[in-house]
Structures are given as structure tokens and as C-alpha cells.
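One structure below.
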Amino acid sequence: MGNVGASEVPQLIGPDGLRIDGRRADELRPMRVVAGPLKRADGSAFVEWGANKVMAAVYGPREVHPRHLQVNDKAIVQCKYNMAAFSVDERKRPGLDRRSQEISKVIAEAFESVVFAEEFPRTSIDVYIEVLQANAGTRCAGIVAASVALADAGIPMVDLLPAVAVGKVGGHIVLDLKKEEDNFGEADLPMALVPQSGRMVLLQMEGHLNLEELKRALDLGVGGCRAIYEKMKQALRDRYSVDPPTPVAEVAA
Amino acid sequence: MSGEVTAEILTTHILELAREGRRLDGRAIDDYRKVTLEPGYVTSADGSALARIGDTVVLCGVKLEPGKPFPDTPNAGVLTTNAELIPLSSPAFEPGPPHPRAIEVSRVVDRALRAAEAIDLKALCITSAEKCWTCFVDIHVLDHSGNLIDAALLAASTALSHTTMPRVRFGLAETDIPLDVRHLAIETTFARLGDAIVVDPSVDEETACQGRLTIATDEAGNIVAMQKGLVGAFGPNEVVELAERAFRHGDRLRAQIRGG
Chain A
809 MGNVGASEVP QLIGPDGLRI DGRRADELRP MRVVAGPLKR ADGSAFVEWG
859 ANKVMAAVYG PREVHPRHLQ VNDKAIVQCK YNMAAFSVDE RKRPGLDRRS
909 QEISKVIAEA FESVVFAEEF PRTSIDVYIE VLQANAGTRC AGIVAASVAL
959 ADAGIPMVDL LPAVAVGKVG GHIVLDLKKE EDNFGEADLP MALVPQSGRM
1009 VLLQMEGHLN LEELKRALDL GVGGCRAIYE KMKQALRDRY SVDPPTPVAE
1059 VAA
Chain B
14 MSGEVTAEIL TTHILELARE GRRLDGRAID DYRKVTLEPG YVTSADGSAL
64 ARIGDTVVLC GVKLEPGKPF PDTPNAGVLT TNAELIPLSS PAFEPGPPHP
114 RAIEVSRVVD RALRAAEAID LKALCITSAE KCWTCFVDIH VLDHSGNLID
164 AALLAASTAL SHTTMPRVRF GLAETDIPLD VRHLAIETTF ARLGDAIVVD
214 PSVDEETACQ GRLTIATDEA GNIVAMQKGL VGAFGPNEVV ELAERAFRHG
264 DRLRAQIRGG
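Residue numbers (our numbering), protein chains in the order written: chain A, 809 to 1061; chain B, 14 to 273.
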């Protein structure tokens, strides 16, 4: 996977079974989710996940641009996933490349599978994902951020959409690949889960997995998504919980 | 507007049929349309093939040219896949810059070829860090009657299997040799119609479907690539079942490519 002719494959799983950053196979990188950090957007969220930093904003439901994309009986979801030029080691040329366009398409389709689009006919729900710092798993971090941003914007949805990549590294099925594992591993499988239904609305894969490994990878990913789901809900609670009212006695004193 | 209404009626009909295990064109849930492969269709290309799945027609041409390797892979050649959904092939396709739909087809086909290691990119190295073969895989959709991803990869895999490295033309050797295709990746696409998941969706089934899943397999029993597309969802158990079905269709189609 992108490592053809590369000089040397580092040892990704140590003799103790731990990964290069000391994680177990089923362990997520540290993750922080903040709901509503942006003032102007209708909804927003920031996700710091391992060495990834991703910001998402949601605008709408609003008028559709371009107009001809408008659908009479429901809202459309439009998504722009973009990587900042400085987000990777070698400067990325700004603007939409084919990778970003493909990712934007599958993310838009994932969200269109969970929002109640028929509530807002002839409108667009615009989702913007900016990757500020990248270290593998940016599309999943983008989905987590965008999902919390959609909730922050008050868009009715079936459920939040936790996402994570699973993969095969040094012969082991592991959760939440970091950059070295993504570059030198044997497989990468990003997914986004609807926790309510247990079904996936985003699923991609590249590499080599047999049927048994696929089964284990999906199980591991579903478990990872459920853990991320809790962090997403907590971020929304932190943003919207109201401090308990101060007891009258204290106010009087 | 009338288009929208007929689409709505047709969608309802397709979903009702699927509930009884039937399909609009009379196929069973796991029936793949007839596949025909015609290698060497375009003699101006170094390799080519016309692939048909039912009424879907896709042409792939392969061209090899000496170029410069990427700095991070000095000992490997370059593989470039591009798919054009030209307006001639469907009323839904418009001229202009590539639609995300076309980009998705290119990238999903490219991913399968790359992950399966269809061609040995190291064998395309001519001089380390200086000169290598660039292999252009160009896919033209001629008639869009559904399931473009599978048709595009079938055309590409067949074309690559019949590609000659034009060493004489570029003064690199006295003789031309065939391009070595090591692994044949086959993609199998499924569409959800209610609780039924059909293989090889037609254009109307693609419009009606609630989620599409493409699974690429190789001959060694590996799943090498997947792509879920369109609005809809799949459960983990369904994905595993579909992978089993993808192996069956993949093995059959691989035999057809090797045979022809």
C-alpha cells in the first residue's frame, strides 16, 4: 500500500504484542471532541485524535448552490473534505484533488443516509471538513467532527456517526491505524457506523484480508465506533448542559 | 418533474419485486448478467479490451510510455488509471470536468489493481530514480446500463492481460514483450433493495437501491478492496456474506479472462 520500492518496512508490532506507540491491538489513540468551537457556522466541532487535528462546520439547511442540484422532496447533503497544504510532511498542493473528491462523495452519502432529509425539501445541508494536521484516519476524524457539528447545528438525524479505521499490521488486525501503520501495513479499512442499527454507512478497504480477517476487522471496528460514540455524546453534553441552578440560600448570602 | 414521478413509480415496483426475490429483467438475486470480453479491440493502444455486462459497454485502452519515477519510489514504475463517463453513454452524463462519480470509478478501479498488485511496478523500472515505464489505463464508458465499476475493472484487467510493452517503439530493446499480469483483481458490486441484496445492479436498480457495495477479490482468497457508495447501509454480517458471494463471481470471471 503506497510502499512499493520504499526502503525498509519498520517493525510495527513488538515482541510484547504492542504497537509502535505502545498501544494494544484494540486500543484507540487519545481523542478529544469539542462541540461548537466556531462562531459563524450553524454548527461546528473540533476533533483532536492522536496527531490528527480536524475542524468541521455545518451550514444549513439553506438554499442550494448550484441551483440545479435542488431536489423537490428533500434536502441534499453536500460535503467538502479538504486537507490544508501544511497538514502533511510534504506540502500538499491546495485545492481539490481526486482523493479529496472521492472522500467528499462517500462522506456526503454517509450523512445523507442518516439525516431526515425529507424534513427540508429544496435545501442543502453543507458540511465542510478541514484537516489541519494529518496522521492517518483523517476521513474518520472528519466524519466524527462533522457528525457532532450536524448535531450542534440542530439537524435531525437517525443517530450520530462514529467512524474509525481498522487494519492489518504485521499480521495482526488492529484498531485505529496511525501513519506508519497505514503506510506500511497490509490493509486499511475505514468505516462509519450507525450505532442504533449496527449498520455501516461508510465502508472502504484497501490491502489484503481473507474472510476470517475481514470478520475480525469489522467486529473490532464496530467496537471502536461504539467507544467513539460515547466521546461524541459527551462532547455534546459538555456543550449544552446547563449548570445546576444555584441554591437560593447561597444567592441570598 | 415527470422524470422524477416515473422514477418513483419504477423504484416502488423494483422494491416490491425484490421482496419476492424477483428482478425487473427476470434475473434471480444472485444472477450476474452475461459478460463478454473482447481483447485487442483498439490496435492503436498497447493493450485494450471491450467489456460488456449485459447492455453495459466499457472500453479500456492501455498505453505505456517512458517517464520519470516518483521520488519516493525510485525503483518502481507508475500506474495511472482514469475513467471517463462521456456524455455519449448516458443522458445523465454531462460534458465538462470529471464528476465525482467518474472520479470514484477511476479510484475504485485503481485501488483494486494496486492492492491486488495486478502488475509488478518494480518490473516497470528502467533506470533507478531516472527512467521507468508509466502505464496509463484509460477507461471509456460507451453505454451505461448499470454496474460501471465492475465493467471498468473487467475491461482494465482484460486489457492489461493483453498488453505489449512497446520497447522497440521507444528504442529500449530489439523486441517487445508482453506485460506480466501477476494477479487478476475482480470487483463484484451489490445493491440493497430492501432486505434483498442483488448482484450486478442494472441502471434502474442503481436508482432504486438503498446502498451499493463493491468488493474486489484476488485468486488467492483475499479481499483486496471495498467501496460502499450511494445512500444506504450494510451490516457487518451482510458484508461478510457478500464477500463470500464476491469470491464466487470473481473466480468465475477470472477464469473467463484467463480463458479469453
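The C-beta atom is built at its ideal place from N, Cα and C for all residues, glycine as well.
Quantities reported herein were computed from a predicted structural model and do not represent experimental measurements.
- Shown here for GLY950 (chain A): same chain residues with a beta carbon closer than 6 Å to its own, the five before and five after excluded, namely VAL862, TYR889, ILE937 in chain order.
- At a cut-off of 8 Å between beta-carbon atoms, MET1008 (chain A) makes contact with chain B.
- For the segment 241–264 of chain B, the set of positions with a beta-carbon nearer than 9 Å to some beta-carbon of chain A reads LYS241, GLY242, LEU243, VAL244, GLY245, ALA246, PHE247, GLY248, PRO249, ASN250, GLU251, VAL252, VAL253, ALA256, GLU257, PHE260 in chain order.
- Within the segment 931–971 of chain A, the complete alpha helix (DSSP H) segments of 4 residues or longer fall at 946–960, listed in chain order.
- With a beta-carbon spacing of about 7 Å, SER955 (chain A) and MET1040 (chain A) fall inside the 8 Å limit used to define contacts.
- 8 Å or more divides the Cβ of GLY830 (chain A) from the Cβ of ARG1047 (chain A).
- The shortest C-alpha to C-alpha distance from ILE66 (chain B) to any of B:ASN160, B:LEU137, B:ILE210 is the one to B:ASN160.
- In this structure, SER158 (chain B) lies away from SER119 (chain B), with their beta-carbon atoms at least 8 Å apart.
- Taken through DSSP and simplified to helix, strand or coil, THR25 (chain B) comes out as helix.
- Leaving aside the five residues that flank LEU92 (chain B) on each side, the residues in its chain whose CB is nearer than 6 Å to its CB run, in chain order, CYS148.
- DSSP, reduced to helix, strand and coil, places ALA925 (chain A) within a helical segment of the structure shown.
- Put simply, the backbone Cα of GLU871 (chain A) is about 7 Å away from that of ARG930 (chain A).
- In this structure, the alpha-carbon of THR171 (chain B) lies about 9 Å from that of CYS73 (chain B).
- DSSP, reduced to helix, strand and coil, places PRO82 (chain B) outside both helices and strands of the structure shown, so it counts as coil.
- A Cβ-Cβ distance of about 5 Å is found for the pair ASP59 (chain B) and THR176 (chain B), placing them in contact under the 8 Å criterion.
- Residue-level contact by beta carbon holds for ASN235 (chain B) and chain A, with a gap shorter than 8 Å.
- Annotation for LYS241 (chain B): the continuous beta strand (DSSP E) segment containing it runs 236–242.
- For VAL121 (chain B), the uninterrupted alpha helix (DSSP H) run begins and ends at 113–128, by DSSP.
- Beta-carbon to beta-carbon, ALA892 (chain A) and LEU940 (chain A) are separated by about 5 Å, close enough to satisfy the 8 Å threshold.
- A residue is called buried when at least 16 other Cβ atoms come within 10 angstroms of its Cβ; VAL121 (chain B) meets this threshold and is buried.
- Among the bridge pairs identified by DSSP, ALA259 (chain B) is matched with none.
- At a cut-off of 8 Å between beta-carbon atoms, ALA238 (chain B) makes contact with chain A.
- Flagged as an interface residue toward chain B: SER1005 (chain A), by a C-beta distance shorter than 8 Å.
- Distance check between ALA64 (chain B) and each of B:THR49, B:PRO110, B:SER57, B:ASN88 places B:THR49 closest, using alpha-carbon atoms only.
- Taken in chain order, the members of the segment 90–113 of chain B whose beta-carbon sits within less than 7 Å of a beta-carbon on chain A are PRO113.
- For ILE22 (chain B), no CB of chain A lies under 8 Å from its own CB, so it is not counted at the interface with that chain.
- Burial state of GLU143 (chain B) is exposed, judged by a 10 Å Cβ sphere holding fewer than 16 other Cβ atoms.
- Within the segment 1013–1044 of chain A, contact with chain B at the beta-carbon level (separation under 9 Å) is assigned to MET1013, GLU1014, GLY1015, HIS1016, LEU1017, ASN1018, LEU1019, GLU1021, LEU1022, LYS1023, LEU1026, ASP1027, GLY1029, VAL1030.
- Cβ neighbours of ALA186 (chain B) within its own chain (closer than 6 Å, five residues either side excluded): ARG180.
- When beta bridges are read from the DSSP output, ALA865 (chain A) appears opposite A:SER852, A:TYR936.
- Any Cβ of chain B closer than 8 Å to the Cβ of GLU989 (chain A) would place that residue at the interface, and such an atom is absent.
- With respect to GLU251 (chain B), ILE210 (chain B) sits close: the two C-beta atoms are nearer than 8 Å.
- When the alpha-carbon of PRO191 (chain B) is set against those of B:ALA136, B:GLY234, B:ASP163, the nearest one is in B:ALA136.
- The beta carbon of ASN943 (chain A) sits closer than 8 Å to the beta carbons of GLY858, ALA859, ASN860, LYS986, LYS987 from its chain, once the five residues preceding and following it are set aside; these are given in chain order.
- According to the DSSP assignment, TYR54 (chain B) belongs to no beta strand (DSSP E), since it is labelled neither H nor E.
- Across the structure, ARG36 (chain B) and THR220 (chain B) are spaced so that their CA atoms are roughly 14 Å apart.
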